[in-house]
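To start, the structure itself, in structure tokens.
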Amino acid sequence: AATMPAPAETRIIAVSNQKGGVGKTTSTVNLAAAFALNGMRVLVIDIDPQGNASSALGVNTNSDVPGTYETILKDLPMAEAIVRSTSIENLYCCPATLALASAEIELFPLDDGQTRLRKSLYEFLNISAKNGHGFDYVLIDCPPSLSMLTMNAFSAAKEILVPMQTEYYALEGLEQLVRSIYAFSSRLTHPPKLSTILLTMFDKRLNLAQDVVEDVRTHFPKETLETTIPRSVRISEAPSFQQTIMTYDPNGVGAVAYREAALEIARRGA
Ligand code: ADP
Ligand code: MG
Numbered sequence: 036a037a038t039m040p041a042p043a044e045t046r047i048i049a050v051s052n053q054k055g056g057v058g059k060t061t062s063t064v065n066l067a068a069a070f071a072l073n074g075m076r077v078l079v080i081d082i083d084p085q086g087n088a089s090s091a092l093g094v095n096t097n098s099d100v101p102g103t104y105e106t107i108l109k110d111l112p113m114a115e116a117i118v119r120s121t122s123i124e125n126l127y128c129c130p131a132t133l134a135l136a137s138a139e140i141e142l143f144p145l146d147d148g149q150t151r152l153r154k155s156l157y158e159f160l161n162i163s164a165k166n167g168h169g170f171d172y173v174l175i176d177c178p179p180s181l182s183m184l185t186m187n188a189f190s191a192a193k194e195i196l197v198p199m200q201t202e203y204y205a206l207e208g209l210e211q212l213v214r215s216i217y218a219f220s221s222r223l224t225h226p227p228k229l230s231t232i233l234l235t236m237f238d239k240r241l242n243l244a245q246d247v248v249e250d251v252r253t254h255f256p257k258e259t260l261e262t263t264i265p266r267s268v269r270i271s272e273a274p275s276f277q278q279t280i281m282t283y284d285p286n287g288v289g290a291v292a293y294r295e296a297a298l299e300i301a302r303r304g305a
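See the structure below:
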């Protein structure tokens with residue numbers, strides 16, 4: 036198999052799209068698993084109150100365990116919230132619990148309400164690196180809105196990855212999202228860059244889907260990955276078994292596609 040190069044410094048990637056159901060969570064957990072299975076040390080931060088990434092990774096999302104909420108609002112060191120994946124080595128998760136649902140309102144009046152995740156994440160990464168357990172990738176699964184929680188993800192991230200469903204109005208939504216990302220980022224000291232667009236739920240039998248892929252490539256030639264993720268029932272089944280596609284159906288089209296996408300992201304660099 037092709038080998039995956041490790042990044043020189045930690046790549047912190049916010050997986051974001053203001054629309055729900057476009058494959059953010061699916062892409063976050065499956066790319067994370069693909070990186071980890073290639074020997075990368077990977078942290079998934081679940082900052083969506085729905086906690087779908089956490090449960091897909093088999094991590095407890097009950098309010099009695101500490102998670103992203105406590106690290107950004109209660110000054111809990113991130114190391115104390117992070118849980119190791121039981122099925123994949125080198126894969127860690129900072130879980131979203133129900134407590135995160137109130138974070139939006141609590142962050143709003145704070146002066147540093149948009150940069151709290153950045154602070155706790157960088158502290159954690161520095162300690163990990165000093166102890167010789169540095170991370171290669173941090174993937175942040177964002178909620179489907181440009182909310183305070185998403186702003187925290189953008190402030191912490193160096194890159195933004197936008198998954199989008201291969202459907203008719205995709206490009207319009209994408210251009211709107213890109214404008215919003217830049218409007219927000221221009222106010223940050225360390226603005227992230229939109230590095231990657233990943234087309235998901237691609238159905239190659241539909242001419243329309245082919246057209247959408249071409250359109251997106253024409254408008255965002257540098258950002259759009261060559262790899263597209265096919266629509267596959269197996270991909271949608273995996274989370275109900277608390278697994279990623281990488282262990283649920285490792286030889287199926289979904290795992291192959293996410294493995295290729297991860298390799299492409301690794302090779303292209305930040
Ligand atoms: P988001 O996080 O953007 O809301 P999800 O990743 O949760 O989106 O995906 C929305 C739904 O679509 C989920 O039920 C998921 O299992 C399903 N899904 C995601 N990617 C695929 C795919 N490639 N093929 C089939 N179903 C998919
Ligand atoms: Mg989601």
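FYI, in full-length UniProt numbering the residues of the sequence shown are 36 to 305.
Beta carbons: idealized from backbone N, C-alpha and C, even for Gly.
Only a predicted model underlies this, so the values are computations on that prediction, with no experimental measurement involved.
- With fewer than 16 other Cβ atoms from the protein chains shown falling within 10 Å of its own Cβ, Gly-56 counts as exposed.
- The Cβ atoms of Ala-131 and Ser-89 sit closer than 9 angstroms to each other.
- With a cutoff of 8 angstroms, Asp-176 counts as near ligand 1, since its C-beta is closer than that to a heavy atom of the ligand.
- Inclusion of Leu-234 and Val-248 in the CB contact set at 9 angstroms is warranted, their separation being smaller than that value.
- In its chain, beyond the 5 residues on either side, Ala-138, Glu-141, Leu-142 and Arg-151 have a beta carbon closer than 8 angstroms to the beta carbon of Leu-108.
- For Gln-149, the three-state secondary structure derived from DSSP is coil.
- Per DSSP, the unbroken beta strand (DSSP E) holding Leu-229 starts and ends at 228 to 235.
- In this model, Tyr-293 and Ser-267 are separated by some 12 angstroms (Cα to Cα).
- In the structure shown, Met-39 falls within a coil segment according to DSSP collapsed to helix, strand and coil.
- Each residue's CA atom was taken as its position, placing Leu-241 and Thr-201 some 10 angstroms apart.
- Inclusion of Asn-97 and Arg-153 in the CB contact set at 9 angstroms is not warranted, their separation being larger than that value.
- In this structure, Leu-126 lies away from Ala-205, with their beta-carbon atoms at least 9 angstroms apart.
- Under the three-state reduction of DSSP output, Met-199 falls in the strand class.
- In this structure, Thr-231 sits near Glu-258, with a CB-CB distance shorter than 9 angstroms.
- If you ignore the 5 residues before and after Met-113, its C-beta comes within less than 8 angstroms of the C-beta of Thr-106, Cys-129, Ser-155, Leu-156, Glu-158 and Phe-159, all in its own chain and listed in chain order.
- Listed by position along the chain, the residues with Cβ atoms less than 5 angstroms from a non-hydrogen atom of ligand 2 are Lys-59, Thr-60 and Asn-87.
- The DSSP assignment places complete beta strand (DSSP E) segments of no fewer than 3 residues inside the stretch 150 to 178 at 172 to 176, in order along the chain.
- Taking every protein chain shown into account, the CB of Tyr-172 has 16 or more other CB atoms within 10 angstroms, so this residue is buried.
- Excluding residues up to 5 positions away in sequence, Gly-93 lie with their Cβ nearer than 8 angstroms to the Cβ of Thr-121 in the same chain.
- The straight-line gap separating the alpha-carbon atoms of Ser-221 and Ile-47 is approximately 18 angstroms.
- The beta carbon of Glu-115 lies closer than 7 angstroms to those of Pro-101 in the same chain, with the five residues before and after it left out.
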